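Quick note, the sequences are listed as chains B and U, same order. Per numbering that gives the first Met the number 0, the first sequence starts with residue 0, numbered consecutively. Per numbering that gives the first Met the number 0, the second sequence starts with residue 0, numbered consecutively. For reference, the structure is listed below as structure tokens.
2 protein chains.
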Amino acid sequence: MNPKIDKLIKLFAKLPRVGSRGGQRIVLSLLQDKTGRSSALAAALLDASESIAPCPVCGVLTDRDNACEFCRDANRANGQLCIVRDLADVWTLEKSSVFHGRYHIIGGLLSGAGGILPQDLNLTTLPGRISSEKITEIIFALPNTVEGKTTQHYIMSVIGNVPDVSFTELASGVPLGGELDYIDDGTLTLAFGGRKTL
Amino acid sequence: MNPKIDKLIKLFAKLPRVGSRGGQRIVLSLLQDKTGRSSALAAALLDASESIAPCPVCGVLTDRDNACEFCRDANRANGQLCIVRDLADVWTLEKSSVFHGRYHIIGGLLSGAGGILPQDLNLTTLPGRISSEKITEIIFALPNTVEGKTTQHYIMSVIGNVPDVSFTELASGVPLGGELDYIDDGTLTLAFGGRKTL
């Protein structure tokens, strides 16, 4: 196989959920395309990789050296700060329109096996934000897993007690449309423990 | 969402079998990567899209204005010419090491619905190749479908009768490991019609 094509396939194959067959398919479709899709993709990729960087305040990817759309938006300064693992979680929350405050991306979860240590988390700007943005509620929207909960407890211990700031986390329980016999024991235990009076 | 990120996701989402969720995942992994994978991918893509073109003889993608690795290889001038639909089929045949002659990519199959017409097929160099490369056998390895067979008959009518050139096609039948109750009726009919004496 031509070495340039081979190199391109190998680079595409390493992308999430693509693999070598998917890489072949993508490269064939791009190189056989006559509408200039491959140069458009190369240009957009180069442009984004050179000019996009994490927001220095919250960690959302945005134009380099600028505050992101959320940190610039004064309407979002409602005193609520939502702590999430990564940008994909921000996009998920934005799509549901359930939250209208500011975000803080920590960039990972504490994990012995995965090698993520406290100093790898994006936490340095967090205490300053709580006072400068007059935060009154910190909402933890981390994954409902051992790593998520460990990380949440660590962050709470770092922030400590701040007067007039409450900490909340998302509710645990049976998902909407969830049939009981498909729910795992851990979720059932949480749902029972958190049962509500009608 | 940042417009540069949004543009990049949309371009990735249009690639085969990626889609919008896959595009988000790929763009996040590329933009959060600190090892320069995105600029490497952009450079390889630009390089390939500028310097790769179909071989002027057989249609295999290769360095622009050069004959491809198959047409340059004198060992492959064994008198056999395999007619395939596209480069993916060449890669599949090469992986199986079943064929050691030259290829001819026609670039599509005749189809009323898909809008592929006889003049869209890469056939202009084919008659010349048969004499200049001393072809003795033309092997049709087109898909075993109505479109594939229609295209095969059309190509045979274009070439016409050439002395000392035989036309062959791949055998039809039950695939290796194929259980009879999973085989469709058409394949079963072909396998019965082509049954061999033991």
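Just so you know, even glycine gets a beta-carbon here, dropped at the ideal spot from N, CA and C. Model, not experiment: these values are computed from the prediction.
field: Cβ neighbours of glycine 193 of chain U in the same chain (closer than 8 Å, five flanking residues each side left out)
entry: Ala170, Ser171, Gly172
query: If you check the beta carbons only, do leucine 198 of chain B and valine 26 of chain B fall under 8 Å apart?
result: As displayed, chain B neither begins before 0 nor continues past 197, which places residue 198 of chain B out of reach and without an answer.
message: Tell me whether the segment 132 to 140 of chain U and the segment 76 to 95 of chain U touch, counting them as touching only if at least three CB pairs, one residue from each stretch, are closer than 8 Å.
response: yes
query: For leucine 108 of chain U, which residues of its own chain have a beta-carbon under 8 Å away from its beta-carbon, when the five flanking residues on both sides are left out?
result: Arg84, Ile115, Leu141, Pro142, Thr144, Glu146, Gly147, Thr149, Thr150
- prompt: Quick one: Cα of isoleucine 182 of chain U to Cα of phenylalanine 191 of chain U, how far?
  reply: 12 Å
- prompt: Who are valine 83 of chain B's beta bridge partners in DSSP?
  reply: B:Ile104
Which residues DSSP lists as bridging isoleucine 51 of chain U, in chain order: U:Asp62
- prompt: Who are the neighbours of asparagine 1 of chain U on chain B, taking C-beta pairs under 9 Å?
  reply: Ala47, Ile51, Val59, Leu60, Thr61, Asp62, Cys67, Glu68
For threonine 188 of chain U, the first and last residue of its enclosing alpha helix (DSSP H): 184 to 192
query: Between which two residues does the alpha helix (DSSP H) containing isoleucine 137 of chain B stretch?
result: Not the alpha helix (DSSP H): isoleucine 137 of chain B falls in the beta strand (DSSP E), residues 136 to 139.
- prompt: phenylalanine 166 of chain U bridges to which residues according to DSSP?
  reply: U:Ile137
field: C-beta atoms of valine 59 of chain U and tyrosine 102 of chain U nearer than 8 Å
entry: yes
DSSP beta-bridge partners of isoleucine 115 of chain B: B:Ser110
task: Output the distance between the C-alpha atoms of alanine 43 of chain U and leucine 120 of chain U, rounded to the nearest integer angstrom.
output: 29 Å
- prompt: Do the CB positions of valine 17 of chain B and threonine 124 of chain B come within less than 8 Å of each other?
  reply: no
query: Would you say serine 48 of chain U and aspartate 62 of chain U are within 8 Å of each other, going by their C-beta atoms?
result: no
task: Could you tell me the distance, in whole angstroms, from the CA atom of alanine 87 of chain B to the CA atom of leucine 92 of chain U?
output: 40 Å
message: Give me, in chain order, the residues of the same chain whose beta-carbon lies closer than 7 Å to that of isoleucine 134 of chain U; leave out the 5 immediate sequence neighbours on both sides.
response: Gly78, Leu80, Arg128, Val164
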